[in-house]
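Student: The opening residue of the sequence shown carries number 155 in the numbering used here; numbering runs sequentially from there.
Structure provided below as structure tokens; questions to follow.
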Amino acid sequence: MNSAARGATASAGAGRLSLPAVLAFSSTGVPVTVLALALGVFLPRYFAGHIGISLVAVGAAFTIVRLIDIAFDPFIGAVMDRTRTPIGRYRPWMIAGVPVMMLGVYKLFNPPVGAGEGYLILWLLVIYAALSILTLAHAAWAAAIATSYHDRSRVYGWMHAVGVAGSVGLLLLPVLTGGRVEPGTGESMPTIGWIIIIGIPLTTALCVLFSPEKVAPKTARETFDLKEYWQALKRPEMVRLIAADLALALGPGTTAAIYVFFFHDAKGFTYAETSILLVPFIGAGLLGAPVWAAIAQRFGKHQTLMGAAVCYAVFQTILMAIPKALFVPTAIGMFAVGFTSSAFILLVRAMVADVGDAIRLEQGKEQVGLLYAMVTSTQKVGAAISVGIIFPVLSLVGYNAADNAVNTPEAIFGLEMCYLFAPIVFVLVGGACFFGYGLNAERHAEIRERLDARDRAIEMEEPITESLTLSATLPDVPVEPRRAD
């Protein structure tokens, strides 16, 4: 019997949320991913083209805010870990993030006449702060809801799939509305803003009203200690996860930066066809997320992630080999690449939750919010620097990105090689980070068994309710820490 199977047996008796409960918990991901896609793809064009802010100023505004936001995530994650209220640890943060996001969305999607770079920076800061609060609280809460090794694959898989549904819905708005709402156009952006404004409180209400939250009992060691934060982050398995997450973000990130150039100039598709090809790529996550989660339950999370990285490299190569201007074969290739890449985020997030359990066993305190902040930051760093990596390379090979520019065959070949090799190299590096990874299903089952025993011992001394967040400080139960490589 392999380690994944033994871990499954060890946790077979653990309670699991029903599928309707998981979907209710995951529903917040729909408006959040709609907003994230709009921020990454449509809002820059909206402010540069419709509002009239210069392209350089728009780029500078997004870069400045992203850099500030990267520093914000670890801070807010650490504060979440120390939060204890009558309604839970992460539930109040979800509630608090909603009005902030609603205000920021209204201001960004309905800018006044004469809005400039300062206006854009201010409300981008508000939006990204709200996104950090909601996404960190949601991911950390999921770790508390799903405590077993394999159930985390299931819950994070559904969270990813539900979020993908939001992205696909945004891309299909032109079809669903008969062309009345087209993301990116000046007339449609306010409508998209109102969709998010209405959706975020409704889906968050589903999440906070119908999802349980059992906070670990408070111990005497649960205090702010910068040294222990550093010890948590430099654990070998956490270093692997951070490095892998950065590489896995840079891989698809490099293709995103040159996506339009590649499919229009190298593959010969129109701009409309290029946009439509995103639908099978993103939509593949609807199927891919639960499938990869099921595979991870059979073989283990880190083995599955390594396999997904190899599959990504294969399908990315096949996509490159498809002849020009063949829409259906290219759409199938995009689906295959999107299917494999959907494994990356969900499996890394589930593995971070496992590391959080190991740290709580050793330190006697919750650090999962900080851990999620670190991997969220690597995603943002990857998105921010991917353009800085790939654009200079395109310049070196002589590619001209100007509208209506005529590029030489050598420049187009350079563009094709950038689209092929950069993502493959980064993704394979990300997968290689998990060779010899020790925190498998069997090891995690042992950690959970010891954690549950300690929590029960504390609860016997001081009865606590399901909220569990205002109980008195109690002495810690000594344990012998064990480390996983």
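C-beta atoms are modelled at their ideal positions from N, C-alpha and C, and glycine is treated no differently.
Would you call the region 178-193 and the region 306-319 touching, i.e. three or more CB-CB distances under 8 Å?
Tutor: Touching, yes, given that three or more Cβ pairs across the two stretches are closer than 8 Å.
Student: I need the straight-line Cα distance from N156 to A293, nearest angstrom please.
Tutor: Along the sequence shown, read from residue 1 onward, the residue named residue 156 stands at position 2. Along the sequence shown, read from residue 1 onward, the residue named residue 293 stands at position 139. Per-residue confidence for N156 stands at a pLDDT of 45, beneath the threshold of 50, marking its modelled position as unreliable; the derived number appears in the next sentence. Using only the alpha carbons, I get a separation of about 28 Å.
Student: Taking Cβ positions, are V491 and L473 nearer each other than 7 Å?
Tutor: Position 337 of the sequence shown, counted from the start, is the residue given in the question as residue 491. Position 319 of the sequence shown, counted from the start, is the residue given in the question as residue 473. Closer than 7 Å, so yes.
Student: Is the CB-CB distance between S495 and P406 below 7 Å?
Tutor: The count along the sequence shown starts at 1 and reaches residue 495 at position 341. The count along the sequence shown starts at 1 and reaches residue 406 at position 252. Result yes, Cβ atoms of S495 and P406 sit closer than 7 Å.
Student: Taking just the CA atoms, how far does G258 sit from I281?
Tutor: For the purposes of this step, residue 281 is taken as the residue at position 127 of the sequence shown. For the purposes of this step, residue 258 is taken as the residue at position 104 of the sequence shown. Going by the C-alpha atoms only, they are around 5 Å apart.
Student: Going by DSSP, which residues form a beta bridge with G242?
Tutor: Here residue 242 is taken as the residue at index 88 of the sequence shown, counted from 1. According to DSSP, G242 bridges with T239.
Student: Taking the alpha-carbon positions, what's the Y591 to A298 distance?
Tutor: Translated into positions along the sequence shown, residue 591 becomes position 437. Translated into positions along the sequence shown, residue 298 becomes position 144. About 23 Å.
Student: Give the secondary structure of A374 by DSSP, where H, G and I count as helix, E and B as strand, and everything else as coil.
Tutor: Position 220 of the sequence shown, counted from the first residue, corresponds to residue 374. Confidence at A374 is low in this model, with a pLDDT of 46, below 50, so the placement of that residue is unreliable and no value is reported for it.
Student: Does S496 come out as helix, strand or coil in the three-state DSSP assignment?
Tutor: Taking the sequence shown and counting its residues from 1, the one referred to as residue 496 is at position 342. Helix, per DSSP.
Student: Once the 5 residues before and after C465 are set aside, which same chain residues still bring their CB inside 7 Å of it?
Tutor: The residue given as residue 465 occupies position 311 in the sequence shown. Contacts found: T494.
Student: Going along the chain, which residues of its own chain have a beta-carbon closer than 6 Å to the beta-carbon of V433, five neighbours each way excluded?
Tutor: Looking up residue 433 in the sequence shown gives position 279. Taken in chain order, the residues that qualify are L325.
Student: Might you give, ordered along the chain, the residues of its own chain that have their beta carbon closer than 7 Å to the beta carbon of T357, omitting 5 neighbours on each side?
Tutor: In the sequence shown, the residue the question calls residue 357 occupies position 203. Excluding residues within five positions, the ones whose Cβ falls inside 7 Å are S181, T182, V184 and P185.
Student: For Y526, which option in Y303, F226, K368 and V188 has the closest C-alpha, if you only look at C-alpha atoms?
Tutor: Looking up residue 526 in the sequence shown gives position 372. The residue with the shortest Cα to Cα distance from Y526 is F226.
Student: Quick check on the burial criterion: 16 or more other C-beta atoms within 10 angstroms. Buried or exposed for S321?
Tutor: Along the sequence shown, read from residue 1 onward, the residue named residue 321 stands at position 167. Under this definition S321 is a buried residue.
Student: Taking buried to mean at least 16 other C-beta atoms within 10 Å of its own C-beta, is A401 buried or exposed?
Tutor: The sequence position of residue 401 within the sequence shown is 247, counting from 1. Label assigned to A401: buried.
Student: Out of P355, V509 and A595, which one is the CA nearest neighbour of Q521?
Tutor: To locate residue 521, count along the sequence shown from 1; it is residue 367. If we check each option's Cα against that of Q521, V509 comes out closest.
Student: Check whether the Cβ atoms of D399 and V502 sit closer than 7 Å, and answer yes or no.
Tutor: Position 245 of the sequence shown, counted from the first residue, corresponds to residue 399. Position 348 of the sequence shown, counted from the first residue, corresponds to residue 502. Yes, the Cβ-Cβ distance between D399 and V502 is below 7 Å.
Student: Buried or exposed for M571, please, with buried defined as at least 16 other CB atoms from any protein chain shown within 10 angstroms of its CB.
Tutor: On the sequence shown, position 417 is the one that residue 571 refers to. By the neighbour-count rule (16 or more Cβ atoms within 10 Å), M571 is not buried but exposed.
Student: Just checking my contact of G585 with A463 at CB under 8 Å: how many whole Å lie between their CB atoms?
Tutor: As a position in the sequence shown, residue 585 is number 431, starting the count at 1. As a position in the sequence shown, residue 463 is number 309, starting the count at 1. Indeed they touch by this definition, with Cβ atoms about 3 Å apart.
Student: When you compare the CB positions of F588 and M392, do they come within less than 7 Å of one another, or not?
Tutor: The residue given as residue 588 occupies position 434 in the sequence shown. The residue given as residue 392 occupies position 238 in the sequence shown. For F588 and M392, no; Cβs fall outside 7 Å.
Student: Return the CA-CA distance between A565 and T408, expressed in angstroms with no decimal places.
Tutor: For the purposes of this step, residue 565 is taken as the residue at position 411 of the sequence shown. For the purposes of this step, residue 408 is taken as the residue at position 254 of the sequence shown. Cα-Cα distance, rounded: 17 Å.
Student: Following the continuous alpha helix (DSSP H) through K455, name the residue where it begins and the one where it ends.
Tutor: Here residue 455 refers to the residue found at position 301 of the sequence shown. Looking at the DSSP string, the run of the alpha helix (DSSP H) that includes K455 is K455 to A475.
Student: Return the first residue and the last residue of the alpha helix (DSSP H) that A426 is part of.
Tutor: In the sequence shown, the residue the question calls residue 426 occupies position 272. It spans Y425 to I430 - the alpha helix (DSSP H) in which A426 sits, taken as one unbroken run.
Student: Helix, strand or coil for I412 per DSSP?
Tutor: Counted from its first residue, the sequence shown places residue 412 at position 258. I412 falls in the coil class under three-state DSSP.
Student: Going straight from the alpha carbon of Q451 to that of P444, what length do you get?
Tutor: Taking the first residue of the sequence shown as position 1, residue 451 is located at position 297. Taking the first residue of the sequence shown as position 1, residue 444 is located at position 290. So the alpha carbons of these two residues sit roughly 11 Å apart.
Student: Going by Cα to Cα distance, which pick from P240, G353 and A250 is closest to I230?
Tutor: Indexing the sequence shown from 1 puts residue 230 at position 76. The residue with the shortest Cα to Cα distance from I230 is A250.
Student: With DSSP run on the structure shown, which of helix, strand or coil describes L171?
Tutor: On the sequence shown, residue 171 is found 17 positions in, with the first residue counted as 1. Of the three classes helix, strand and coil, the one that applies to L171 here is coil, per DSSP.
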